[in-house]
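Taken in sequence, the protein lines are chains Y and U.
All the letters of the first sequence, read from the start, carry residue numbers 10 to 131 under the working numbering.
All the letters of the second sequence, read from the start, carry residue numbers 263 to 400 under the working numbering.
C-beta: ideal position from N, C-alpha, C; glycine also.
One structure is given below, encoded as structure tokens.
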Amino acid sequence: MARAGVPARAGHRLIGRACYTMQRMPTQVDPAGVEPRAILEAADLRNTRVLEVGAGDGRLTFQYASESNSVVGIDTKQGDILSTAKLPKTDSSRHVHLMCACATALPFSAEEFNVVLLASSL
Amino acid sequence: MVDALREARRVLKPHGVLIDVRPLTTPMLIEVVGATRAIWEKEVDACSTPEDVAAADAAIRYALSEEWFSFERSSPFSLEIYCDTVTDLTAYAETRHLREAAIPYEELEERRRELAASGQTVRLRCRRAWMVSTYRMN
């Protein structure tokens with residue numbers, strides 16, 4: 010709590026004599042989970058092996074992964090993929106493998122996947 | 263883009279499913295939202311590369327004409343992004359699919375500050391229409 014006459018620091022707000030910390034929220038993308046729901050309504054992912062092209066840091070991937078048997082997410086941006094190493098291990102993450110690869114030269118054998126998801130990558 | 267679809271077809275099992283998820287070219291709605299409703303809003307052009315969108319559509323048409331896939335269904339949905347500050351929104355836009363959006367940052371920050379100064383708890387919201395389409399491999 011700030012004393013009277015002490016200026017509030019950035020991120021704080023003086024109300025009367027008290028200084029309360031203002032709660033900052035991180036950027037939230039699709040907090041209602043509309044996108045994974047739309048995907049799950051579009052295709053039945055049960056018992057499937059999924060390839061997601063343009064997976065980035067796996068924001069979308071981890072939201073539907075538990076519905077499938079496994080997901081391989083690829084992206085050309087190595088930085089995004091590396092950032093997933095910082096994510097907490099969850100039930101979904103056990104199904105997911107993210108790697109750096111290009112959509113036009115996929116490092117996979119023929120007929121490996123049941124579903125290919127182009128995540129804003131066409 | 264056709265090459266990507268050709269590769270998708272190669273790695274798919276027979277009768278596998280291709281899902282194409284991407285934003286539409288319709289304007290994006292930028293809002294300053296209070297506890298229960300939007301207090302201020304503005305439509306912005308979120309797509310400055312209609313050539314890329316046209317090329318993606320053309321690639322899909324080509325794949326259908328070659329009978330690589332059959333169209334099954336399309337469904338629109340609205341994707342929302344919430345930020346506390348214009349700085350947060352700028353950082354997000356620079357690294358994501360909003361990088362080409364003509365977001366009026368200065369005007370947005372001005373309105374956000376005005377409303378916050380009047381004691382309202384406000385956040386920034388971007389709403390954009392997306393489409394998920396599914397195709398079955400022939």
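May I have the straight-line CA-CA distance separating residue 268/U from residue 295/U, to the nearest angstrom?
When rounded, the distance between both Cα atoms is 44 Å.
Look up residue 391/U in the DSSP assignment and give the residues it is bridged to.
The partner list for residue 391/U (beta bridge, DSSP) reads 340/U.
Residues of the segment 320-341 of chain U in Cβ contact with chain Y at a cutoff of 9 Å, in chain order, please.
For the segment 320-341 of chain U, which is checked against every Cβ of chain Y, the residues closer than 9 Å are 321, 322, 334, 335, 336, 337, 338, 339, 340, 341.
Is the beta carbon of residue 399/U sitting closer than 7 Å to the one on residue 318/U?
The answer is no: Cβ separation not under 7 Å.
What residues are listed by DSSP as bridge partners for residue 302/U?
Beta-bridge pairing links residue 302/U to 294/U.
For residue 388/U, decide whether its Cβ has a neighbour in chain Y, counting only Cβ atoms nearer than 7 Å.
Answer no: the Cβ-Cβ gap between residue 388/U and chain Y never drops below 7 Å.
At which residues does the alpha helix (DSSP H) containing residue 307/U begin and terminate?
That residue, residue 307/U, is in no alpha helix (DSSP H); it is neither H nor E in DSSP.
Given a cut-off of 7 Å on the beta-carbon distance, is the pair residue 335/U and residue 288/U in contact?
Not a contact, by the Cβ cut-off of 7 Å.
CB-CB under 8 Å to residue 369/U, same chain, minus the five flanking residues each way: which ones, in chain order?
Closer than 8 Å at the Cβ level, and outside the excluded window around residue 369/U, lie 304.
Measure the C-alpha to C-alpha separation of residue 31/Y and residue 301/U and round it to an integer number of angstroms.
For residue 31/Y, the predicted model reports a pLDDT of 46, less than 50, meaning its position is unreliable and no value from the coordinates is stated.
From what residue to what residue does the alpha helix (DSSP H) around residue 71/Y run?
70-73 is the span of the alpha helix (DSSP H), which, as asked, contains residue 71/Y.
By Cβ distance below 7 Å, which residues in the same chain neighbour residue 326/U in space, the five residues on each side in sequence not counted?
Result list for residue 326/U: 333, in chain order.
Could you give the DSSP three-state label for residue 85/Y: helix, strand or coil?
Reduced to three states, the DSSP call for residue 85/Y is coil.
Tell me whether the segment 387-396 of chain U and the segment 335-355 of chain U touch, counting them as touching only if at least three CB pairs, one residue from each stretch, are closer than 8 Å.
Taking 8 Å as the limit for Cβ pairs, the verdict is that the segment 335-355 of chain U does touch the segment 387-396 of chain U.
For residue 48/Y, report the span of its beta strand (DSSP E) as first-last.
Unbroken run through residue 48/Y is the alpha helix (DSSP H), 43-51; no beta strand (DSSP E).
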